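Residue numbering for the sequence shown follows the numbering used here, starting at 2 and increasing by one per position.
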Amino acid sequence: MSPVPTLVKSNRGRDKLCHDGFMYVFDRSSSDLTMEFWRCQFKKSCKVRLHRLIANGEVVKVINSVQSGAPLAVQMEFPSNRVLAKVVNRVRKACASAPALPTHRSLIIIPEDYAVYEPTPGTSERFLIGDSGLGDDERILIFGRESVASWIGLVDKIYVDGTFSLAPKLFQQVFAVLAERSGFVVPVCYALLPNKSQATYTRMVELLHQEWPQFNPMQISVDFELALVNGFRSVFPNAEINGCLFHLVKNMKAKLGDIGLIQRYNRDPDFSLSARMIPALAFVPPAHINTAMSELAPELPEELMPVLNYFEDNYIGRLRLAPGAEIVRAPARFPIAMWSVYQRTVDGEARTNNFAEAAHRRLQGEFGVDHPSLWKFIDGIRKVQQSRDVTYARYVAGHNPEPKRSKYVSADERILKIVREFGQRTTVDYLRGLARNFRMQASNSGPQTAPESSESE
Numbered sequence: 002m003s004p005v006p007t008l009v010k011s012n013r014g015r016d017k018l019c020h021d022g023f024m025y026v027f028d029r030s031s032s033d034l035t036m037e038f039w040r041c042q043f044k045k046s047c048k049v050r051l052h053r054l055i056a057n058g059e060v061v062k063v064i065n066s067v068q069s070g071a072p073l074a075v076q077m078e079f080p081s082n083r084v085l086a087k088v089v090n091r092v093r094k095a096c097a098s099a100p101a102l103p104t105h106r107s108l109i110i111i112p113e114d115y116a117v118y119e120p121t122p123g124t125s126e127r128f129l130i131g132d133s134g135l136g137d138d139e140r141i142l143i144f145g146r147e148s149v150a151s152w153i154g155l156v157d158k159i160y161v162d163g164t165f166s167l168a169p170k171l172f173q174q175v176f177a178v179l180a181e182r183s184g185f186v187v188p189v190c191y192a193l194l195p196n197k198s199q200a201t202y203t204r205m206v207e208l209l210h211q212e213w214p215q216f217n218p219m220q221i222s223v224d225f226e227l228a229l230v231n232g233f234r235s236v237f238p239n240a241e242i243n244g245c246l247f248h249l250v251k252n253m254k255a256k257l258g259d260i261g262l263i264q265r266y267n268r269d270p271d272f273s274l275s276a277r278m279i280p281a282l283a284f285v286p287p288a289h290i291n292t293a294m295s296e297l298a299p300e301l302p303e304e305l306m307p308v309l310n311y312f313e314d315n316y317i318g319r320l321r322l323a324p325g326a327e328i329v330r331a332p333a334r335f336p337i338a339m340w341s342v343y344q345r346t347v348d349g350e351a352r353t354n355n356f357a358e359a360a361h362r363r364l365q366g367e368f369g370v371d372h373p374s375l376w377k378f379i380d381g382i383r384k385v386q387q388s389r390d391v392t393y394a395r396y397v398a399g400h401n402p403e404p405k406r407s408k409y410v411s412a413d414e415r416i417l418k419i420v421r422e423f424g425q426r427t428t429v430d431y432l433r434g435l436a437r438n439f440r441m442q443a444s445n446s447g448p449q450t451a452p453e454s455s456e457s458e
């Protein structure tokens, strides 16, 4: 996608467009008012023209070549270097100025230019929608479109996830919240957080609820992080909180790394298949989980028992002897109802929050570096917001979401077929069949389980 140009004012107060280092002046609009036509400010000596969409400001066409390749006879008509230098300096001040960052997040002051968003030229709205306040050592900043408040109360399902590599200096984490609307999943805000504590997550959600009083999701897809789960539950006690299959699988592979089995997993297909049968328990009906795990255990290589024990401790609860000699299960950190995807698969619902992962990748591509400056971060999410506005406009206009890739559709169809045959296969065949239809990757660079359709890139 072509970068969104910047509007600046001329000495006479007229709009000029700064794009790829060149200045353009307005010519006219298209008859259907969907496009603007701009021409190079040096009309006599340069025939470059630029077309951009009125809806989001995106440049869709640049006609003719830039001036740097002009013949000498044409270059003689250019303004003097002194005049050009003044233009460059004026553009730099308008486009590239950014205040210095303080030494601590509690001292950050967001200039007005960085606290607003222009959905279309000449219109603006608040973009800094949440701020825990100047002087707060555990400062939280939340960015998103102010106008989201008009429809966020209609959202039933959200996906949330954090990433650390994109966090600007002075913050530990970038946390994204995405809303689902008729199959479209769009980011509604990005929060900069100082840490991963439950208190911080709770404060973040409370700030959102203050900005959006009607915000009351009934389903929340999250990572397996107790502080995060408890933070959302404290504000939305009636919401159904679902663990993401993507992160369940990711945690299993992390455990393989902890016990030194990654190399064997990567080079031994049979061992790899056996390892994937453990998270495949998520596809078993909740009432049959205990039996399925008991039948799976003797089929696994001995080296995988620590992984199975880890799964039992955290997601099922270890068997123990209760007073009165009764054998019961200890409470699991994450109850079965939270991570089971059996019913979600049968109902055709998303099993992962890969949408959030895709949003993080989109930002990463925009920044090109880890840990950008705060000002570059804000500029980046505003630029990404332009394309998300187009996605939301497609939803409003009644379009369908982008379809999944055919290989993912096929994998989903095979998984659904196997899940519908539960009880008609042996437990081991059931788990083995499912394990053949998803992968476990070491990174978060892409989908890991019969991948859900993620955001359009």
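Glycine included, C-beta positions come from ideal geometry on N, C-alpha and C.
Predicted model, so just to flag it, every value in this text is computed and none were measured.
- For the segment 204–255, which segments carrying the beta strand (DSSP E) assignment without a break, of at least 3 residues, lie completely within its bounds, in sequence order? Listed in chain order, the complete beta strand (DSSP E) runs (minimum 3 residues) inside the segment 204–255 are 220–223, 241–244.
- Using 8 Å as the threshold, is the segment 186–203 in touch with the segment 293–305, meaning 3 or more CB pairs across them? The segment 186–203, when compared against the segment 293–305, does not touch it at the 8 Å Cβ threshold.
- Task: Could you check the C-alpha separation between W39 and G434 for me, to the nearest Å?
- Result: Stepping through the sequence shown from its first residue, residue 39 is reached at position 38. Stepping through the sequence shown from its first residue, residue 434 is reached at position 433. So the two alpha carbons sit approximately 58 Å from each other.
- Message: Please classify V410 as buried or exposed, where buried requires at least 16 neighbouring CB atoms within 10 angstroms.
- Response: If you number the sequence shown from 1, residue 410 lands on position 409. V410 is exposed by the Cβ-count criterion.
- From D162, L432, G381, P238, residue whose alpha carbon lies closest to that of L274: Counted from its first residue, the sequence shown places residue 274 at position 273. When each option's Cα is compared against that of L274, the closest is L432.
- What residues in its chain sit with their C-beta under 6 Å from that of W213, if we drop five residues either side in the sequence? Taking the sequence shown and counting its residues from 1, one reaches residue 213 at position 212. Cβ within range, chain order: A150, I153.
- Message: If I measure Cβ to Cβ from A333 and keep anything under 6 Å in the same chain, skipping five residues before and after, which residues do I get?
- Response: As a working note, residue 333 is residue 332 in the sequence shown. Excluding residues within five positions, the ones whose Cβ falls inside 6 Å are Y316, I317, G318.
- Item | Distance, T201 Cα to L229 Cα | As a first step, residue 229 must be located in the sequence shown, where it is residue number 228. As a first step, residue 201 must be located in the sequence shown, where it is residue number 200. Rounded to the nearest whole angstrom, the C-alpha separation of L229 and T201 is 9 Å.
- Query: How is the beta strand (DSSP E) around S144 delimited, first residue to last?
  - Reply: Residue 144 sits at position 143 when you count from the first residue of the sequence shown. Going by the sequence as given, residue 144 is Phe instead of Ser. First-last of the beta strand (DSSP E) with F144: 142–144.
- Same chain, Cβ closer than 7 Å to E296, neighbours up to 5 away in sequence not counted: Counted from its first residue, the sequence shown places residue 296 at position 295. Cβ within range, chain order: T428, V429.
- Item | Status (buried if at least 16 other CB within 10 Å, exposed otherwise) for V397 | Taking the first residue of the sequence shown as position 1, residue 397 is located at position 396. Exposed, because fewer than 16 other Cβ atoms sit within 10 Å of the Cβ of V397.
- Message: In the DSSP assignment, the alpha helix (DSSP H) including W376 goes from what residue to what residue?
- Response: The residue you call residue 376 lines up with position 375 of the sequence shown. For W376, the enclosing alpha helix (DSSP H) starts and ends at 375–397.
- In whole angstroms, what is the alpha-carbon distance linking T292 and R182? Here the question's residue 292 lines up with position 291 in the sequence shown. Here the question's residue 182 lines up with position 181 in the sequence shown. Cα-Cα distance, rounded: 38 Å.
- Query: Helix or strand or just coil, what does DSSP make of T164?
  - Reply: Reading the sequence shown from its first residue, position 163 is the one you call residue 164. DSSP places T164 in strand when its eight states are reduced to three.
- Query: Candidates G232, L171, N438: which alpha carbon is nearest R204's?
  - Reply: The sequence position of residue 204 within the sequence shown is 203, counting from 1. It is G232 whose Cα lies nearest to the Cα of R204.
- Rounded separation between S374 and L322 - CA only: Counted from its first residue, the sequence shown places residue 374 at position 373. Counted from its first residue, the sequence shown places residue 322 at position 321. The C-alpha of S374 lies about 54 Å from the C-alpha of L322.
- Query: Is DSSP giving T292 helix, strand or coil here?
  - Reply: Position 291 of the sequence shown, counted from the first residue, corresponds to residue 292. Shown here, T292 sits in a helix according to DSSP, grouped into three states.
- Message: What residue range does the beta strand (DSSP E) around Y316 cover?
- Response: Sequence index remark: in the sequence shown, residue 316 carries index 315 (1-based). That residue, Y316, is in no beta strand (DSSP E); it is neither H nor E in DSSP.
- Item | Same chain, Cβ closer than 8 Å to V61, five either side skipped, listed in chain order | Sequence index remark: in the sequence shown, residue 61 carries index 60 (1-based). Same-chain partners within the cutoff: S3, M36, H52, R53, L54.
- What is the rounded straight-line gap between the Cα of R1 and the Cα of P307? Outside the displayed span of the chain (2 to 458) sits residue 1, for which this structure offers no information.
- Message: Going by DSSP in three states, L301 sits in which element: helix, strand or coil?
- Response: Position 300 of the sequence shown, counting from 1, holds the residue named residue 301. Coil, per DSSP.
- Message: Quick check: the Cα distance between G349 and T392, rounded to an integer number of angstroms?
- Response: To locate residue 349, count along the sequence shown from 1; it is residue 348. To locate residue 392, count along the sequence shown from 1; it is residue 391. Each residue's alpha carbon lies about 22 Å from the other.
- Message: Please classify P169 as buried or exposed, where buried requires at least 16 neighbouring CB atoms within 10 angstroms.
- Response: As a working note, residue 169 is residue 168 in the sequence shown. P169 comes out buried.
- Message: Suppose you measure from the CA of R330 to the CA of F272; what does that come to, to the nearest Å?
- Response: The residue labelled residue 330 in the question sits at position 329 within the sequence shown. The residue labelled residue 272 in the question sits at position 271 within the sequence shown. R330 and F272 have their C-alpha atoms spaced approximately 29 Å apart.
- Own chain residues within Cβ distance below 6 Å of I221, not counting five before or after: Residue mapping note: residue 221 aligns to position 220 of the sequence shown, counting from 1. Cβ neighbours of I221 beyond the five flanking positions: I159, F233, A240, I242.
- Task: Pull up the distance between the alpha-carbon of K251 and that of G163, whole angstroms please.
- Result: For the purposes of this step, residue 251 is identified with residue 250 of the sequence shown, where counting begins at 1. For the purposes of this step, residue 163 is identified with residue 162 of the sequence shown, where counting begins at 1. G163 has its alpha-carbon roughly 14 Å from the corresponding atom of K251.
- Distance between E313 and I109 (C-alpha atoms, nearest Å): Here the question's residue 109 lines up with position 108 in the sequence shown. Here the question's residue 313 lines up with position 312 in the sequence shown. For I109 and E313, the distance between alpha carbons rounds to 45 Å.
- Find out if the Cβ-Cβ distance for the pair F185, P402 is shorter than 7 Å. Your numbering for residue 185 matches position 184 in the sequence shown. Your numbering for residue 402 matches position 401 in the sequence shown. Between F185 and P402, the C-beta gap is smaller than 7 Å, which places the two residues in contact.
- Query: Under the rule that 16 or more other beta-carbon atoms within 10 Å means buried, what is A276, buried or exposed?
  - Reply: Position 275 of the sequence shown, counted from the first residue, corresponds to residue 276. Answer is buried; the Cβ neighbour count reaches 16.
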